[in-house]
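Heads up, the thing below is written out as structure tokens.
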Amino acid sequence: MTTAVRIIATAVLLICGASLAIAQTFETKARAAYVFDQTTGTVLMEKNADEPLPPASMSKLMTIYLAFEAIADGRFSTDTMLPVSTHAASFGGSTMFLDTTDRVSVEDLLRGVIVLSGNDASVVLAEGLAGTEGAFAQMMTNRARALGMNNSTFMNASGWPARGHEMSMRDLGILADRLISDFPTFYPLFAEETYAFDGRAPANTQNRNPLLSLGIGADGLKTGHTQEAGYGLVGSAKQGDRRVIFVITGLDSAAARADEAERLVNWAFRQFAQKDVAKTGTRIADVDVWMGETDSVGLTVAEDVSMLVPVTIQGGINAEAVFDGPIEAPVTAGQQLGELVIALDGLPETRVPLVAESDVMRGGFKVRMRTAMQVVLDKINAATDAPA
Numbered sequence: 006m007t008t009a010v011r012i013i014a015t016a017v018l019l020i021c022g023a024s025l026a027i028a029q030t031f032e033t034k035a036r037a038a039y040v041f042d043q044t045t046g047t048v049l050m051e052k053n054a055d056e057p058l059p060p061a062s063m064s065k066l067m068t069i070y071l072a073f074e075a076i077a078d079g080r081f082s083t084d085t086m087l088p089v090s091t092h093a094a095s096f097g098g099s100t101m102f103l104d105t106t107d108r109v110s111v112e113d114l115l116r117g118v119i120v121l122s123g124n125d126a127s128v129v130l131a132e133g134l135a136g137t138e139g140a141f142a143q144m145m146t147n148r149a150r151a152l153g154m155n156n157s158t159f160m161n162a163s164g165w166p167a168r169g170h171e172m173s174m175r176d177l178g179i180l181a182d183r184l185i186s187d188f189p190t191f192y193p194l195f196a197e198e199t200y201a202f203d204g205r206a207p208a209n210t211q212n213r214n215p216l217l218s219l220g221i222g223a224d225g226l227k228t229g230h231t232q233e234a235g236y237g238l239v240g241s242a243k244q245g246d247r248r249v250i251f252v253i254t255g256l257d258s259a260a261a262r263a264d265e266a267e268r269l270v271n272w273a274f275r276q277f278a279q280k281d282v283a284k285t286g287t288r289i290a291d292v293d294v295w296m297g298e299t300d301s302v303g304l305t306v307a308e309d310v311s312m313l314v315p316v317t318i319q320g321g322i323n324a325e326a327v328f329d330g331p332i333e334a335p336v337t338a339g340q341q342l343g344e345l346v347i348a349l350d351g352l353p354e355t356r357v358p359l360v361a362e363s364d365v366m367r368g369g370f371k372v373r374m375r376t377a378m379q380v381v382l383d384k385i386n387a388a389t390d391a392p393a
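For the sequence shown, this note's numbering assigns the number 6 to the initial residue and increments by one for each residue that follows.
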């Protein structure tokens, strides 16, 4: 057999649907940011996304995640009543105004953390699961590593300022994605705009997420603020079949946070649209076949390819079909023979398997003789062309 060589063929993929507005780069005022289209798995924007930074109350999402897991595996129920320790009741800042005479249900505590950002509620949940807040913080760190959150280290359950308590914006995006995907039954809690616990502090019942009432599809997740961290938000919004997750931090005011978050959501939905770019059965390229009943086989995608497209496309987009050829027979329909590589400005490269569109059986005696003669001729020609 001749030596296979890597072949890169240009393919034009037609865009189904109307042309799109040109996607403009989003210039954020945030110190760090991360925007992720959950529906397609596309990272739309990142800025210092892997830098570990103080997350403030956004790190409460990890406390919530562990509490949801405890309910799912039976260690807690929503009706479980937990005592309030002196340590938990000692916290200031955002609280449920709990005291040591209280016994509070897990359901109330979850709403206290999600809607009211209760530091005291976070510690009650932590102590209920791990005995001490310190032990729970280690649980948080260990679980984060298992989830692929490699730039997160927790020192407490609430995000209270502490040396070494850090998360990256990408890690917060990963966590938001898991909360939405892993716990769809509980996720609607994040969309609750108000919560009043036991008639306490009637002025402190409002969810701090500034997007929930704007009618742009926002339905979670968590704000955060300390002097060191600035103002931040882990948010998500759904419009039609698309869901976007975004994380921002380091804004200088609540108003700036609200404005930046709304601009991000509008940009993510208006500057990108999901389009079909390759249909199953459409021939993308041909690869030569060695010793086969036919000399070549078509390459196609195994399933329809849909992706976000950020630029005006009049006829199609350029892509590269990458494969090694020739391929030795036999070839089976559906056998992966290469990849389709799609690169668009401002978006990560997309790689899609290319498969044989049909079977190619190994050739009979005549094919083998013809191939052998061709090999001999190629060697003669190569010797003739060689310099003396």
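Note that beta-carbon positions come from the ideal geometry of N, C-alpha and C, so glycine has one too. All values derive from a computational prediction rather than experimental measurement.
query, result
"Enumerated in chain order, which unbroken segments of the beta strand (DSSP E) with a length of 3 residues or greater are wholly contained in the segment 213-251?", "223-231 and 235-244"
"Count Cβ pairs between the segment 107-120 and the segment 143-156 that sit closer than 8 Å; are there 3 or more?", "no"
"Along the chain, where does the beta strand (DSSP E) containing T146 start, and where does it finish?", "No beta strand (DSSP E) contains T146, which is instead part of the alpha helix (DSSP H) from E138 to A151."
"Please report the distance separating the alpha-carbon of R150 from that of N156.", "8 Å"
"If you measure between the beta carbons of T100 and G123, is that distance less than 7 Å?", "yes"
"I'd like to know if the segment 181-197 and the segment 124-139 are in contact, where contact means that at least 3 CB-CB pairs between them fall below 8 Å.", "no"
"For the 8 Å Cβ check, are there 3 or more pairs between the segment 53-62 and the segment 172-181?", "yes"
"Can you look up K280 in the DSSP assignment and give me helix, strand or coil?", "strand"
"Consult DSSP for F159 and reduce its assignment to one of helix, strand or coil.", "coil"
"So for E267, helix, strand or coil by DSSP?", "helix"
"Starting from the C-beta of F202, find all residues in its chain whose C-beta is less than 7 Å away, skip the five residues before and the five after it, and write them out in chain order.", "M101, D113 and G117"
"Would A361 and E354 be called neighbours here (beta carbons separated by less than 7 Å)?", "no"
"Just checking my contact of A181 with L226 at CB under 8 Å: how many whole Å lie between their CB atoms?", "5 Å"
"Using a 10 Å radius around the Cβ and a threshold of 16 neighbouring Cβ atoms, would you call D309 buried or exposed?", "exposed"
"Tell me whether E32 is buried or exposed, calling it buried when 16 or more other Cβ atoms sit within 10 Å of its Cβ.", "exposed"
"Which runs of the beta strand (DSSP E) fall wholly inside the segment 292-362 and span at least 3 residues, in chain order?", "301-306, 310-314, 322-330, 341-347 and 355-361"
"What residue does the alpha helix (DSSP H) around A37 start on, and which one ends it?", "Unbroken run through A37 is the beta strand (DSSP E), A37 to D42; no alpha helix (DSSP H)."
"Once you ignore the five residues that flank G22 on each side, which residues in its own chain have a CB closer than 6 Å to its CB?", "Note that G22 scores 45 on pLDDT, short of 50, meaning its location in the model is unreliable; the coordinates nonetheless yield the value given after this. Closer than 6 Å at Cβ, skipping near neighbours: K280."
"Helix, strand or coil: which one does DSSP assign to V111?", "helix"
"Could you pull out every residue in the same chain whose Cβ sits closer than 6 Å to the Cβ of V83, ignoring the five residues on either side in sequence?", "Inspection of the sequence shows that residue 83 is occupied by Thr rather than by Val. Counting only Cβ-Cβ distances below 6 Å, and skipping sequence neighbours, we find V111 and E112."
"What number of angstroms, rounded off, separates the C-alpha of N271 from the C-alpha of S90?", "44 Å"
"How is the alpha helix (DSSP H) around V48 delimited, first residue to last?", "Not the alpha helix (DSSP H): V48 falls in the beta strand (DSSP E), residues T47 to K52."
"On the DSSP letters alone, give me the boundaries of the beta strand (DSSP E) that M86 sits inside.", "M86 to P88"
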